[in-house]
Structure formats: structure tokens, C-alpha cells
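Here is the structure we will look at, set down as C-alpha cells.
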Ligand SMILES: Nc1nc2c(ncn2[C@@H]2O[C@H](COP(=O)(O)OP(=O)(O)OP(=O)(O)O)[C@@H](O)[C@H]2O)c(=O)[nH]1
Ligand SMILES: [Mg+2]
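Residue numbers (the UniProt record's numbering), protein chains in the order written: chain A, 1 to 341; chain B, 1 to 443.
Put into C-alpha cells, the structure is as follows:
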């Protein structure tokens, strides 16, 4: 149950939203009334997105797992290829396959079905990390969207805004990407579409100052959730990481404890570099969660498994297209099942 | 990681030294390292397989087996194969045909097409061309505004796209406009699209059909993972590519996608994007990337950059110092001066073999360079040559003289000390030694 997605409309005042037990993998998303129709769509979309992953894998892996024969060297090699081409990363793949390799070396029989089960469990385990409620319980809850250039921060912010607005939260966005040409206009266009206010300054303004102004406005208005769009930056750029740290400090000054959630936005098409991204962004500011975008392509987003595991970050959502409704809560089981048909 | 490939191979072969000839098994062990390194660098699984097969074939010949330096030999083969895979020589833009020559940029969402369009326009303008920019992304909010703003920044005229037009119409009208204005190249920025989005791929093909571009360039992100092969293949099959531009290369991605894309399309990589600044577009040199992949550092680029900005004599002095691993605060000051001419210090340092990565992570800030220089200027020559004598009262004097604080003076001294240590330690694949040798040869 997706209890960690707080549903404003159903909440009686003063009740604590439930938290999911830390380890229980989540199943069917629970989405509030107005979303009943789209619920199916979204869920279908998520599966459709994943099924592209699956389709590709199915040819080989489906065949692989079809007959419950004994695992041999050739089987493991094929499996290795499938996992690596899903961008899971050679190190993780080796770790996943190590026990089976050992068994085969020592001549211990290992059935394909057993291997499948243990792989699935292992991967689910990797994706199982503590998942606090979303949006964070603070008022206003301040959420930063962070990541390298072009991963989908702005679009994802709009999608999340729409998602929250439909749940009855009052939402405000801050255009803190003052650097990229037309970034402010882009967010404003989204603001109009979604129907939320966007706080902005002129292009080239100090992003810290925009954050300051935006949070002051949110405080004055009693806004419940504030979404901050930050400029894309490569994690290796010292100056830009300092700028990001400063924005975070400013937020904390205006609203002690803010930002309550720093979301690292990762592009599913990205390979092993996502690990460096998570590492260096995480060294600069505290990261709380991930969103994986562009899962509607053929990229399998396998690096998400590795990143979530290495940095103990929950994956909040996956992006499945360019429209504001193209966002689905992350489903570890569905994800892993799609990887292993 | 790629950059450790040389060291890894050295490690494998170290144990074999003194063993006389190598066996097939020994070579296999080396190849296993090659494979791992390539996979870690995001080169596609299949591409790695083919690559390793080719290296194996050559390595099992006499070249490696009978060599006294088998590791070196294997590295040489890998290096050569990398260059062969990436394309032997740089491939220039094809700007033949009637004016205006259309160039079409295509790619996935977020790969950097719009920025690249503006960079390319600037690049061509500087070469004496009269480029024209065409925003044909009517889908992403503010994409047209973005290119218009950038066009103004690079001083290149831009087509006034009507966002209600369809992209094929836009391209056609814009081309006529470019002709009327007497422009000689028209760079068309298209919307990002997924390679499996049939409607959008058909649209891209239709634009191509309509304007018959001389170049269709796939703009791809250097951080792309295994899917690079599928993306490149689809774009090549459905639209037809003539070349590739690899973006965001200045980060720490190993860029294995370059290998994958080149292998499946056979199209040359023509440019690389190396920063958010609009000047940050460079012609792609296969041999340089191959060296970088092997952790030999991108020495040639460094030399080229150095030649642009460095005073030759000073550069030579610096090489000599680097070689002897002497590095005083005076040298640091000299370097700061040069660096300020060169642009980002990190970028330049990242080109140095062996120490690249560590330096990149060191806390340098371009604005700080000015302050650093001021601090060093406030020191006496004696202090610069022997910073150990800088005690508390000297620090206070230096801080006052340079309009900084004692903390900042301390920070500079600490950075300097770290840098000196790194230079001392730098070994890598003979890191600095090799650099110095190559640099000296080059001048
Ligand atoms: N297919 C697909 N495209 C997406 C998705 N999310 C974002 N995009 C597209 O990716 C492109 C870049 O998205 P932006 O939201 O501008 O990315 P950004 O991270 O804000 O970019 P910068 O601010 O320039 O760093 C746009 O064309 C988006 O429409 C997704 O889930 N699927
Ligand atoms: Mg953005």
C-alpha cells in the first residue's frame, strides 16, 4: 500500500498518516477518489513502460527461465548480459550472480526456478529502503528538484505539482533556475497548465535570493508544499555545487529544517555515471529520494537499483512521458518483475 | 573505470614478469580486465564483446606473446583498436551543396540539442560562416524562447517560429527565409523525441525529406548507458544520420556511449560539448578520446590549449618543473595567471594524466583565483620559495596586504600543499613523467 503518499483529502485533521513498514515492498497504489479513473491509466502506463523493458528481456530471459532446467555456465553468461544491458552495473551484477557461480563451480545443482526466486528477492531487498511519507510532514514542506542537465527536473516538478494539487495540497513553485535560457518561461508555462503559482525573478538573478523570496511568499500565504526548480548542473562543477549548497542554506534560514526533501532526478537512460551523480550531489547536500525519468523509452533504468541500494534512497516516482499526468508511484515489485519475467 | 585500465593491466602482468613468455591464459586474464573496464565505462555489452574479440585476435599473435613488455603491448593494441573503433581521423562538417546548407539536429529529450545548436552557430560564425538558427521544437514549453535567447547571445539571426505551425512547415519556411537573408548554413533544432515514438520519428524523417539536410547530427549525452545502441540504431534507421555530437563530456562520465554509437551506426563523432558556455564545443579527435579512455590523459588537448594561451617559454619551464616535481608558490602564481587565461582550472587539470580526478575534486573556484593571486602577490619572494617560514604574524601581514583574511591565506597554503603532494605522488601510468616527455616532444 502506498501509504507514504499522503492524501490530503482523506486526512482527518490531526491524524498521523500511516507509514509503511520499512521492509514491506509496496503493491497496488492507493489513489484518492478524483483519481480513480486515471489510477488505472497510470498503473497501466507504468506497466506499459516497464513492459518495454520486459519485452526486450523476455525474448532471452523468458526463454531462459521457461524450462526449469539446471543452471550452467552458458545460462549464467546470458543472464549476465541481460542484467548488464539493463544498466545494473557490472559490480552489482557480479554480486547478484556470485552465489550461483560458486554453486556451479562446486558442482552443486541449482535449478533455474531457484535462481530466479533468489535474484528477485535479492533485487527487491536492494530496493527496500526506509520510505518516509510524501510530501514530507512540514508546513510548508519544501522540496528541491536536483540533478544534472536535461534529466527532467522541471517537467517532473510540474508532474509532482499536479499530483499534489489533485490530492488537495496547496502548491507553489520557485523558479530557481535563473541560469538556463528560458528556464523561467518553461516553468511558468507549466505553472499555468497545472494551475499553480510560480515565484520568479529576472534571468540571471541570484538563485538563493529567489529561494528566499519564494519561501517568504509561501510562509505568508500558508502554502503547504513548495517545489523548487534548480538549474541543471554537473556534479563535478565545484562552483555550481557551492551554489546549490547555498540555496539549501538559504532555505533553512527562512524555514528551519527546510528543504525537507531533496529529490535527485535521474534519467533512466543514464549509465554508470548515475552512481557518481548520487555520490557527489549527496556529498554537497543531503539527498532524501530519487525520481527516475524517461522510463517510457527502452532504457531499463537498472542503475536505479544500484543507486537506491548504495545510497539508501527511496524511489518516489517514475516519469513515463512528457505530459503532467505521466508520473507513477514507484513500485519495486512491478519493477523487478518486469526485469525478471 | 576506464582510467584505471592501464594500471589494472599492469597489475595483471606484473605477476607474470620474469616468467618469460606469456601463455594464452595470461592474455585472457588481461582481456578480462579490458572487458570489465569497458563495461564499467558503459560501452554496450555486445560492442565490448566484439571489441575484445578483435583485441584477442591480435594479442594472440606474436606481438604480445613474445614481447618483453606484454602489458605495454596489450595496451598499445587496445589503444589502436579504440582509435579504429572511434574513427581514425576527425571528420569535418560537410558544408557543400547549395546555400543555405541545412543541418538537422536530432536526439532524445534532454540530450542538449538546443544549446548545441547555438554552440554550433557560434562555432561556424567564428569560422566566417553566416549561420541561421531555426527553432523547430514546438512541443517543449519555452523551447523556442530558449533558442531565441541563445541566438541573440551568439549574435546569429534566428527564425521567428510560429508555434502553431508544424515542424515540417517551419523547417521549409525557415529555409526560404535563410535564403532570402543570404545566410549560408541553417541549423535546425528539433524537439527531443524517443527513438520508439513512431509518430515523432516519422516527423523527423519528414523534416529531413523536406529540407534535404547535408548533415543530420545525433546529439547524444555522454552519460548514456547501455541503451545508446538502441537509440543510435533507431535514429540511424528511421531518420538517417551523418554524424554525432557528444554532449556533457566535461563531467566524469567515461563516455563509453561514444564507442557504442560509433560501432552501431558507423557515423563519425564530429564534435563534443564540454561545458555550458556557448564556446564549449570542440572538434572531436578520436585518438585523444582513446588516450583519455585509457587514462593516458588527453595530452594533445592540453598542449593545444596551452599553445593558445601559454607563453611558450613559460610553458616549457613549467613542464620542466613538473618533471622535476618542484612546484613553488611562484609557480602556482604563474599557473594561476595562465589558468585565468585558459578558463576553468579544473578543466585543464582534468586533462592531466594521473592527477586529473583528484585535482578536479579539489576546492578551486574561478573567482578564487583572483584572490589567490593577490595573496601570493603579498608574499615576499622568500616566503614564496619557502612557505614554511610563514608564521602567524606574516600571515596577518599577507592577509592585510591582499585584502583577504588569515583563514583565506591558510586555505591557499593548504591547497598549495595538497597540490604539491599530489604532484609528488602522481604516478598513474607514469603520469607526469609521460606528460612531461610528451610535452617536450611536442614543442
Ligand atoms: N519521454 C520522456 N521525456 C521526458 C520525461 N521527463 C522529462 N522529459 C523531457 O526531457 C526534456 C528535458 O526536460 P526538462 O524538464 O527541461 O529537464 P531539466 O532537468 O529541467 O533540464 P535543465 O533544467 O535544462 O537541466 C524535455 O523535453 C522533457 O519533455 C519522461 O519521463 N519521459
Ligand atoms: Mg529545468
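Quick reminder that beta carbons are idealized off the backbone N, C-alpha and C, glycines included. Just so you know, these numbers come straight off a predicted model, no measurement behind them.
I want to see whether chain A comes within less than 8 Å of residue i, judged by CB atoms only; does it?
i: residue 73 of chain B; result: no
i: residue 141 of chain B; result: yes
i: residue 253 of chain B; result: yes
i: residue 393 of chain B; result: no
i: residue 414 of chain B; result: no
i: residue 250 of chain B; result: yes
i: residue 188 of chain B; result: no
i: residue 224 of chain B; result: yes
i: residue 230 of chain B; result: yes
i: residue 146 of chain B; result: yes
i: residue 45 of chain B; result: yes
i: residue 336 of chain B; result: no
i: residue 269 of chain B; result: no
i: residue 245 of chain B; result: no
i: residue 212 of chain B; result: no
i: residue 382 of chain B; result: no
i: residue 407 of chain B; result: no
i: residue 437 of chain B; result: Residue placement at residue 437 of chain B is flagged as unreliable, the pLDDT there being 39, under the threshold of 50; a coordinate-derived value is accordingly withheld.
Can you give the beta carbon distance from residue i to residue j, rounded, assuming they're within the 8 Å contact cut?
i: residue 216 of chain B; j: residue 241 of chain B; result: 5 Å
i: residue 103 of chain B; j: residue 186 of chain B; result: 7 Å
Which residue comes first and which comes last in the beta strand (DSSP E) that contains residue i?
i: residue 174 of chain A; result: 171-176
i: residue 99 of chain A; result: Counting along the chain, residue 99 of chain A falls outside any beta strand (DSSP E), though it belongs to the alpha helix (DSSP H) covering 90-105.
i: residue 229 of chain A; result: 225-230
i: residue 273 of chain B; result: 269-273
Exposed or buried, residue i, counting other C-beta atoms within 10 Å across all chains shown (16 or more means buried)?
i: residue 249 of chain A; result: exposed
i: residue 111 of chain B; result: buried
i: residue 214 of chain A; result: buried
i: residue 333 of chain A; result: exposed
i: residue 80 of chain A; result: buried
i: residue 260 of chain B; result: buried
i: residue 162 of chain B; result: exposed
i: residue 176 of chain B; result: exposed
i: residue 198 of chain A; result: buried
i: residue 184 of chain A; result: buried
i: residue 178 of chain A; result: buried
i: residue 33 of chain A; result: With a pLDDT of 35 at residue 33 of chain A, under the threshold of 50, the modelled position of that residue is not reliable, and no figure is offered here.
i: residue 70 of chain A; result: exposed
i: residue 23 of chain A; result: At residue 23 of chain A, the pLDDT of 34 sits below 50, so the modelled position is not reliable; the number obtained from the coordinates is stated separately. Its Cβ having fewer than 16 others within 10 Å, residue 23 of chain A is exposed.
i: residue 26 of chain A; result: In this prediction, residue 26 of chain A scores a pLDDT of 33, lower than 50, which makes its location untrustworthy; the coordinate-derived value is nonetheless stated afterwards. So residue 26 of chain A counts as buried.
i: residue 89 of chain A; result: buried
Would the beta-carbon of residue i be found less than 7 Å away from any heavy atom of ligand 4?
i: residue 149 of chain A; result: By its list of ligands, the structure shown excludes ligand 4, since it contains just ligand 1 and ligand 2.
Could you tell me which residues DSSP pairs with residue i in its beta bridges?
i: residue 289 of chain A; result: A:263
i: residue 186 of chain B; result: B:102, B:132
i: residue 349 of chain A; result: Residue 349 of chain A lies beyond the range of chain A shown here (1 to 341); nothing can be said about it.
i: residue 329 of chain A; result: A:317
i: residue 252 of chain B; result: DSSP output for residue 252 of chain B lists no bridge partner at all.
i: residue 334 of chain B; result: Residue 334 of chain B pairs with nothing; no bridge assigned.
i: residue 247 of chain B; result: B:221
i: residue 199 of chain A; result: A:174
i: residue 380 of chain B; result: DSSP, once it has assigned bridges, lists no residue as partnering residue 380 of chain B.
i: residue 270 of chain A; result: B:224
i: residue 111 of chain A; result: A:70
In the DSSP assignment, the alpha helix (DSSP H) including residue i goes from what residue to what residue?
i: residue 171 of chain B; result: 167-180
i: residue 194 of chain B; result: Taken as a continuous stretch (DSSP letters only), residue 194 of chain B belongs to no alpha helix (DSSP H), as it is neither H nor E.
i: residue 238 of chain A; result: 238-254
i: residue 187 of chain A; result: 183-194
i: residue 45 of chain B; result: 45-59
i: residue 396 of chain B; result: 392-402
i: residue 145 of chain B; result: 143-154
i: residue 276 of chain B; result: Where residue 276 of chain B is concerned, there is no enclosing alpha helix (DSSP H), given that its DSSP letter is neither H nor E.
Could you tell me whether any Cβ in chain B is nearer than 8 Å to the Cβ of residue i?
i: residue 78 of chain A; result: no
i: residue 81 of chain A; result: yes
i: residue 151 of chain A; result: yes
i: residue 291 of chain A; result: no
i: residue 234 of chain A; result: yes
i: residue 87 of chain A; result: yes
i: residue 159 of chain A; result: no
Residues of the segment 170-194 of chain A whose Cβ lies closer than 7 Å to any Cβ of chain D, in chain order: Considering every chain present, this structure includes no chain D. Its protein chains are A and B.
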